[in-house]
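Peer 1: The structure that follows is given in the form of structure tokens.
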Amino acid sequence: MITKELLDIRWKLLVFALISLGTAGFQPFSLVSFSGQLSGTTVQRTSDFQAHIWEHWFYLSNGPLIFLLFAIVLGCGLIATEVSQGTITFLFSRPLSRNRILLTKYAVSAASLLIVAILSSIAILVSSMILGYTLDMIRLLTATFLFWLGSLTPLGCALIFSIIASDTLRALLWSLLTFAVGNVLLLIPRWQPWSLLYYWSSRQSYLQGTFPFAEYIFCFIAALLPLLLALWLFHLKEY
Amino acid sequence: MNKVAILVDHLTVNYGSQCVLRDLSLEVPVGTIFGFLGRNGAGKTTTIKTLLGIRRPTAGKVEVLGYDVVRQHIEVCSHVGYVSETHNLYDYLNITQMCAFCRDTSRRWKQNIVDTYLDLFALPRTQKIKQFSKGMKTQLALSLAMGSEPDILILDEPTADLDPIARELFLHTLIGDIAAAGKTVFFSSHILSDIEAVADHVAVIEGGRIVLSAELDELRETHKILRLTYPEGLPPAELEYLQSLPHVSQAKQEGQVVQLHTTGMVNELVSLIKERLYPPHDIETLHTDLGSVLLEYIKGIRNDH
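Have a look at this one:
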């Protein structure tokens, strides 16, 4: 079943991986292209470089947008595509529980997001080394896993819409609308702590090196809730 | 061992406020080829989805090989092979990948059985399923269904897209093989000739209700035409009387001849008619065309069984 799921999403995965790796790998070069080489002491330069990477990959601009869109695109197709293509009946005729069906699909998508997140961080690391900058591996990994954990929330929400909606397009539109509304919160500073992205792209942990427990817990709960809701809905839904 | 393969007891299924199946009861004995007839929208696919546990009953009970389809859905599906009317297979996979998927999601899997059928149908292993014709998809779906060695094969309109040769192969060779192996076949169709060719038990569904459930041999035996020839014109009151007799579903008059379509008790009917004030001078018992009898049930003209 895992092979079938991977074959199903292979083109989406390939496109996403190329965009993500390309964008991530370009971020260290973007600093040089637009601002020139950093000056000052090595510590100062490294610190500024870390800040640049955070600002241009882990924060609002590139990484979250790419991962948000990809998680939504993946999640929307998980059940709605099976329904619109009529294969859901065949799938349900196999001796599999609905939990196993949904969790396998979800796990394949979540694993795809994780692999691309790690590869993107490796791309950043390699580009940085080419330019002669070093990145703190622990901070990079911590931020990458947090980033991935954050991306599971849009995946879970899109999965909910994939179960509720009768086709992939509707599921996609509902998911985009939900996250567009959700991210409006970021524009209002005092409401930022209510936004997922506030935790997803933890500046404090990345730049100051403290382990973001609260952010991890928040992102974990935010990822778990839509998944549990999706499992419940999938049990109730009649096809 | 369970002697009833499928038991449907007072099943009602609603889609929202619409009642699709009403108080439907069925019993499919083990080892039979059970033809399930009905026009489009009569409730055949909903019945099959309920048998597979895909749709939950609003009321009533459904058991497959003694397993409750709601609570023991996985057990049910591990004993059932299913071929859908729309051949909903994964188009982006080839046969080898599809077999791997089915193997991974089956409790028992016999690749050699699948290979036998794939060879019989000469299906190309490496070609994507999206390049297959509808007939090839049916053949593949059947081959895959056989791979898990099902005790019950549920076929939802399987012959609709087959060419005459493939249809012949399907009906006689495959269904024959399957039945010879003692498996139960639940065969839904709206093609009367297919059901007549292979089934030994038939049920007709109309408007979500079972209007007929009988063995085909029993139907042949009970559904006969009495051809009554009268010496002169028959009074209208007498025709009405004939029409009102028990087990008479239809009475047609053509000149001096009246044809009574019966659903049983032929000898008793003949005795009754002979004792009338206007007895016919000749009574002939004819075999009825089973296809037309079933058609009348499907159309809802008959619901007397």
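Protein sequences, first through last, are from chains A and B. Using our numbering, you'd call the opening residue of the first sequence number 32 and step up by one each time. Using our numbering, you'd call the opening residue of the second sequence number 29 and step up by one each time. Note that beta-carbon positions come from the ideal geometry of N, C-alpha and C, so glycine has one too. As the structure is a computational prediction, the values presented were derived from the model and not from experiment.
Does the separation of the CB atoms of His-289(B) and Tyr-258(B) fall below 8 Å?
Peer 2: To locate residue 289(B), count along the second sequence from 1; it is residue 261. To locate residue 258(B), count along the second sequence from 1; it is residue 230. It is not a contact, given that the beta carbons lie outside the stated cut-off.
Peer 1: For chain A, is any of its Cβ atoms less than 8 Å away from the one on Tyr-110(B)?
Peer 2: Numbered from its first residue, the second sequence carries residue 110(B) at position 82. So yes, Tyr-110(B) belongs to the interface.
Peer 1: Would you report the Cα separation of Asp-184(B) and Ala-227(B), rounded to the nearest angstrom?
Peer 2: Within the second sequence, numbered from 1, the residue matching residue 184(B) stands at position 156. Within the second sequence, numbered from 1, the residue matching residue 227(B) stands at position 199. One C-alpha to the other measures close to 14 Å.
Peer 1: For Ala-188(B) and chain A, any beta-carbon pair shorter than 8 Å?
Peer 2: The count along the second sequence starts at 1 and reaches residue 188(B) at position 160. Closer than 8 Å: no.
Peer 1: Does Tyr-270(A) get closer than 8 Å to chain B when you measure Cβ to Cβ?
Peer 2: Counting from one through the first sequence, the residue named residue 270(A) turns up at place 239. So, interface residue.
Peer 1: What runs of the alpha helix (DSSP H), each 4 residues or longer, lie entirely inside the region 181-235 of chain A?
Peer 2: Entirely contained in the region 181-235 of chain A, the alpha helix (DSSP H) runs reaching 4 residues are, in chain order, 199-215 and 227-231.
Peer 1: Is Phe-121(A) close to chain B? Criterion is C-beta to C-beta, closer than 8 Å.
Peer 2: Translated into the one-based positions of the first sequence, residue 121(A) becomes position 90. So, interface residue.
Peer 1: Just verifying my parser: in three-state terms, what is the DSSP assignment at Pro-186(B)?
Peer 2: For this step, residue 186(B) is matched to residue 158 along the second sequence. Correct three-state label for Pro-186(B): coil.
Peer 1: Around the C-beta of Asp-39(A), are 16 or more other C-beta atoms found within 10 angstroms, so that it is buried, or is it exposed?
Peer 2: For the purposes of this step, residue 39(A) is taken as residue 8 along the first sequence, with counting starting at 1. Flag for Asp-39(A) reads buried.
Peer 1: Whole angstroms are fine: how far does the CA of Pro-186(B) sit from the CA of Lys-165(B)?
Peer 2: Locating residue 165(B) in the second sequence gives position 137, counting from the first residue. Locating residue 186(B) in the second sequence gives position 158, counting from the first residue. Rounded to the nearest angstrom, the two C-alpha atoms are 10 Å apart.
Peer 1: At least one CB of chain B closer than 8 Å to the CB of Pro-185(A): is that the case?
Peer 2: Sequence index remark: in the first sequence, residue 185(A) carries index 154 (1-based). No, because no Cβ of chain B sits closer than 8 Å to the Cβ of Pro-185(A).
Peer 1: Tell me, to the nearest whole angstrom, how far the beta carbon of Pro-243(A) is from that of Thr-184(A); I am working on the premise that it is less than 8 Å.
Peer 2: Along the first sequence, read from residue 1 onward, the residue named residue 243(A) stands at position 212. Along the first sequence, read from residue 1 onward, the residue named residue 184(A) stands at position 153. The pair is not a contact, with the Cβ atoms about 16 Å apart (cut-off 8 Å).
Peer 1: Contact between the region 33-51 of chain A and the region 134-148 of chain A: three or more CB pairs below 8 Å?
Peer 2: yes
Peer 1: Give the range of the alpha helix (DSSP H) segment to which Thr-212(B) is assigned.
Peer 2: In the second sequence, counting from the first residue as 1, residue 212(B) sits at position 184. Unbroken run through Thr-212(B) is the beta strand (DSSP E), 212-217; no alpha helix (DSSP H).
Peer 1: Just to make sure I have the definition right: I need the residues of chain A whose C-beta is within less than 9 Å of the C-beta of Phe-64(B). Which are they?
Peer 2: As a first step, residue 64(B) is located in the second sequence; it is residue number 36 there, counting from the start. Simply none; closest approach about 17 Å.
Peer 1: Along the region 150-169 of chain A, what residues have a CB closer than 8 Å to any CB found in chain B?
Peer 2: none
Peer 1: What residue from Cys-47(B), Leu-49(B) and Phe-62(B) has the CA that sits closest to Glu-243(B)'s CA?
Peer 2: As a working mapping, residue 243(B) is identified with position 215 in the second sequence. The shortest Cα separation from Glu-243(B) among Cys-47(B), Leu-49(B) and Phe-62(B) belongs to Phe-62(B).
Peer 1: Can you grab the Cα-Cα spacing for the pair Asn-116(B) / Ala-209(B), in whole Å?
Peer 2: To locate residue 116(B), count along the second sequence from 1; it is residue 88. To locate residue 209(B), count along the second sequence from 1; it is residue 181. Between Asn-116(B) and Ala-209(B), the C-alpha separation is close to 27 Å.
Peer 1: Quick one: Cα of Phe-215(B) to Cα of Ala-231(B), how far?
Peer 2: As a first step, residue 215(B) must be located in the second sequence, where it is residue number 187. As a first step, residue 231(B) must be located in the second sequence, where it is residue number 203. Phe-215(B) and Ala-231(B): Cα-Cα distance of roughly 10 Å.
Peer 1: With Arg-255(B) and Gln-287(B) assumed to form a contact (beta carbons below 8 Å), what rounded beta-carbon distance in angstroms separates them?
Peer 2: What you label residue 255(B) is simply residue 227 of the second sequence in a count that begins at 1. What you label residue 287(B) is simply residue 259 of the second sequence in a count that begins at 1. Between Gln-287(B) and Arg-255(B) the Cβ distance is about 6 Å, and since that is below 8 Å, they are a contact.
Peer 1: Given Ala-128(B), which residues of its chain have a CB within under 6 Å of its CB, disregarding the five upstream and five downstream residues?
Peer 2: In the second sequence, the residue the question calls residue 128(B) occupies position 100. Closer than 6 Å at the Cβ level, and outside the excluded window around Ala-128(B), lies no residue.
Peer 1: For Phe-178(A) versus Leu-99(A), is the C-beta spacing smaller than 8 Å?
Peer 2: Sequence index remark: in the first sequence, residue 178(A) carries index 147 (1-based). Sequence index remark: in the first sequence, residue 99(A) carries index 68 (1-based). No, the Cβ-Cβ distance between Phe-178(A) and Leu-99(A) is not below 8 Å.
Peer 1: Distance cutoff 8 Å, beta carbons only. Does Ile-34(B) sit that close to anything in chain A?
Peer 2: Locating residue 34(B) in the second sequence gives position 6, counting from the first residue. Ile-34(B) does not count as touching chain A.
Peer 1: Name the one or two DSSP bridge partners that Gly-109(B) has.
Peer 2: Mapped onto the second sequence, residue 109(B) falls at position 81. Answer is Leu-181(B).
Peer 1: Check whether chain A comes within 8 Å of Asn-68(B), counting only Cβ atoms and requiring the distance to be less than that.
Peer 2: As a first step, residue 68(B) must be located in the second sequence, where it is residue number 40. It does not; no Cβ of chain A falls within 8 Å.
Peer 1: Leaving aside the five residues before and after Ile-50(A) along the sequence, list all residues of the same chain whose C-beta is less than 7 Å from its C-beta, in chain order.
Peer 2: Reading the first sequence from its first residue, position 19 is the one you call residue 50(A). Excluding sequence neighbours, Ile-50(A) sits near Ile-97.
Peer 1: Name the one or two DSSP bridge partners that Pro-57(B) has.
Peer 2: Indexing the second sequence from 1 puts residue 57(B) at position 29. DSSP output for Pro-57(B) lists Val-32(B) as bridge partner(s).
Peer 1: With a cut-off of 8 Å, does the C-beta of Lys-35(A) fall near any C-beta of chain B?
Peer 2: Mapped onto the first sequence, residue 35(A) falls at position 4. Output row for Lys-35(A): interface = yes.
Peer 1: Mapping DSSP to helix, strand and coil, what is Asp-132(B)?
Peer 2: In the second sequence, the residue the question calls residue 132(B) occupies position 104. If DSSP states are grouped into helix, strand and coil, Asp-132(B) belongs with the helices.
Peer 1: Can you find a C-beta in chain B that's less than 8 Å from the C-beta of Arg-201(A)?
Peer 2: For the purposes of this step, residue 201(A) is identified with residue 170 of the first sequence, where counting begins at 1. False, the Cβ-Cβ gap to chain B never drops below 8 Å.
Peer 1: According to DSSP, is Asp-96(B) part of a helix, a strand, or is it coil?
Peer 2: Position 68 of the second sequence, counting from 1, holds the residue named residue 96(B). In this structure, Asp-96(B) counts as strand in the three-state DSSP scheme.
Peer 1: Here's a check: name, in chain order, each residue in its chain whose Cβ is nearer than 6 Å to the Cβ of Leu-190(A), leaving out the five neighbours to either side.
Peer 2: For the purposes of this step, residue 190(A) is taken as the residue at position 159 of the first sequence. Closer than 6 Å at Cβ, skipping near neighbours: Gly-106, Leu-109 and Ala-261.
Peer 1: Would the beta-carbon of His-275(B) fall within 8 Å of that of Gly-292(B)?
Peer 2: Indexing the second sequence from 1 puts residue 275(B) at position 247. Indexing the second sequence from 1 puts residue 292(B) at position 264. A contact, by the Cβ cut-off of 8 Å.
Peer 1: If you drop the 5 nearest sequence neighbours on each side, which residues of the same chain put their C-beta closer than 8 Å to that of Thr-40(B)?
Peer 2: One-based indexing of the second sequence puts residue 40(B) at position 12. Closer than 8 Å at the Cβ level, and outside the excluded window around Thr-40(B), lie Cys-47, Leu-49, Arg-50, Asp-51, Leu-52, Pro-85, Thr-86, Ala-87 and Gly-88.
Peer 1: Gly-63(B) by DSSP, collapsed to three states: which one?
Peer 2: For the purposes of this step, residue 63(B) is taken as the residue at position 35 of the second sequence. The answer is strand: DSSP assigns Gly-63(B) an E or B state.
Peer 1: Out of Ser-277(B), Lys-280(B), Pro-263(B) and Ala-225(B), point me to the one whose CA is closest to Gly-319(B)'s CA.
Peer 2: Within the second sequence, residue 319(B) is the residue found at index 291, counting from 1. The option with the nearest alpha carbon to Gly-319(B) is Ala-225(B).
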